[in-house]
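For the record, the sequence lines run as chains A and B.
Heads up, the first sequence is in our numbering, so the first residue is 892 and it goes up one at a time.
Heads up, the second sequence is in our numbering, so the first residue is 339 and it goes up one at a time.
Built from N, CA and C at the ideal position, the CB exists for glycine as well.
In what follows, a structure is listed as structure tokens, so that the remarks can point back to it.
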Amino acid sequence: MERSAVHDTFSYDRHYDAKPERVYRAFADPGAKARWFTGPPESKQEDVSFDFREGGKETTTTIIGDGTRFAFIATYTDIVPDERIVYTYEMTMNGQRISVSIATIELRAGAAGGTDLVLTEQGVYFDGLDQPQFRREGTQQLLAALEASLTEEP
Amino acid sequence: MFAALADTSRRSMVERLSRGPASVKELAAPLPMSLPAVLQHLHVLETSGLVRSEKVGRVRTCRLEPVALQTAERWIADRRAGWVRHLDRLGEYLSNEAQSPNEKETD
């Protein structure tokens, strides 16, 4: 197996017409979070836990249609109510680690009301998945991307 | 990379290699062309970084190269798409919650 570690950082800005307290609650309250932080359709969840406090863990295992198990294992590291949530998490696929990431969610009252949210995620993504089925899928995706890029061209 | 793939013969070579390493002879077998033509296509694929080949004795074995990177890129794309979906759903959730007369969760 060839080893590799690929790093990536991305960030998204959003504005919501709700006060920071309400946006914060959507992340902090288990019932509220379950309403929007959901897995892909046609998947089921197992090993669900949610302990929203510094040092607390959140876990979910998502099982997709073909039986592949994706586990999300997070630890909350920094919580400033209504302002900031930071957690680290790892993702595994069928027990094999795909990535380790830091997610930072920053909330600020918008200049004209509402909330400005900035999500930043920094992660390292591991190989470890160089198995024939992924090789095939990867190639098929590459070919599909090629088709698309060729179709888009004038 | 796309230029390397923008050819039916090269695509079929990549598809063959996606099932595992193969010798040049194996790659050439299903293609209606001469061996030098196959080697020329192979050269384009190697230059693009998609394929790597190695000669042991008289046999040149070819394999797909950038799989580890492709895999990581795929996970990164999934992760980004996942967050876009989550943030959209958060927006829907917040506006639905705002429309409800009761601020508390009811179901």
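Between the Cα of Asp1007(A) and the Cα atoms of Ala896(A), Asn985(A), Asp904(A), Lys948(A), which residue gives the shortest distance?
-> Asp904(A)
Which word fits Val914(A), buried or exposed, when buried means at least 16 other C-beta atoms lie within 10 angstroms of its C-beta?
-> buried
Using a Cβ-Cβ cut-off of less than 8 angstroms, list which residues of the stretch 403-434 of chain B approach chain A; keep chain order.
-> Val405, Ala406, Leu407, Gln408, Thr409, Ala410, Glu411, Arg412, Trp413, Ile414, Arg417, Arg418, Trp421, Val422, His424, Leu425, Arg427, Leu428, Gly429, Glu430, Tyr431, Leu432, Ser433
Once you ignore the five residues that flank Arg894(A) on each side, which residues in its own chain have a CB closer than 7 angstroms to its CB?
-> Asp1018
Does DSSP put Thr933(A) in a helix, a strand or coil?
-> What sits at residue 933(A) in the sequence shown is Glu, not Thr. Looking at Glu933(A) - three-state DSSP - the assignment turns out to be coil, as it is neither helix nor strand.
Through-space distance from Ser350(B) to Glu997(A), alpha-carbon basis = 48 angstroms
When the cut-off is 8 angstroms and only beta carbons count, does Ile970(A) lie next to chain B?
-> no
Within 7 angstroms: the Cβ of Leu428(B) and any heavy atom of the ligand MN?
-> Here there are no bound small molecules, and the ligand MN is not part of this structure.
Taking buried to mean at least 16 other C-beta atoms within 10 Å of its own C-beta, is Val939(A) buried or exposed?
-> exposed
Mind checking if Tyr907(A) is an interface residue toward chain B, Cβ cutoff 8 angstroms exclusive?
-> yes
Okay, do the stretch 921-936 of chain A and the stretch 951-969 of chain A touch, 3+ Cβ pairs below 8 angstroms being the bar?
-> yes
How would you call Glu430(B), buried or exposed, if buried means at least 16 neighbouring beta carbons within 10 angstroms?
-> exposed
Does any C-beta atom of chain B lie closer than 8 angstroms to the C-beta of Asp899(A)?
-> yes
Residue range of the unbroken beta strand (DSSP E) whose run includes Gly1014(A) | 1006-1017
Under 8 angstroms between C-beta atoms, does Pro1023(A) make it to chain B?
-> Any reading at Pro1023(A) is ruled out, since the residue's pLDDT is 44, under 50, leaving its predicted position unreliable.
Could you give the distance in angstroms between the alpha-carbon of Gln437(B) and the alpha-carbon of Leu383(B)?
-> 57 angstroms
Looking at C-beta atoms only, is the number of pairs between the stretch 395-402 of chain B and the stretch 355-362 of chain B that lie closer than 8 angstroms three or more?
-> yes
Kindly say whether Ala436(B), judged by its beta-carbon, lies nearer than 8 angstroms to any beta-carbon of chain A.
-> yes
Could you tell me whether the Cβ of Ile989(A) comes closer than 8 angstroms to any Cβ of chain B?
-> yes
Use the C-beta contact count for Val1015(A): other C-beta atoms within 10 angstroms, 16 or more gives buried, fewer gives exposed.
-> exposed
According to DSSP, what are the bridge partners of Tyr878(A)?
-> A query on residue 878(A) cannot be resolved here, the shown segment of chain A reaching from 892 to 1045 and no further.
Mapping DSSP to helix, strand and coil, what is Ser350(B)?
-> helix
Where Glu1012(A) falls, given that 16 or more other Cβ within 10 Å makes a residue buried | buried
Beta-ladder partner(s) of Asp969(A), from DSSP = Val977(A)
According to DSSP, is Thr959(A) helix, strand or coil?
-> coil
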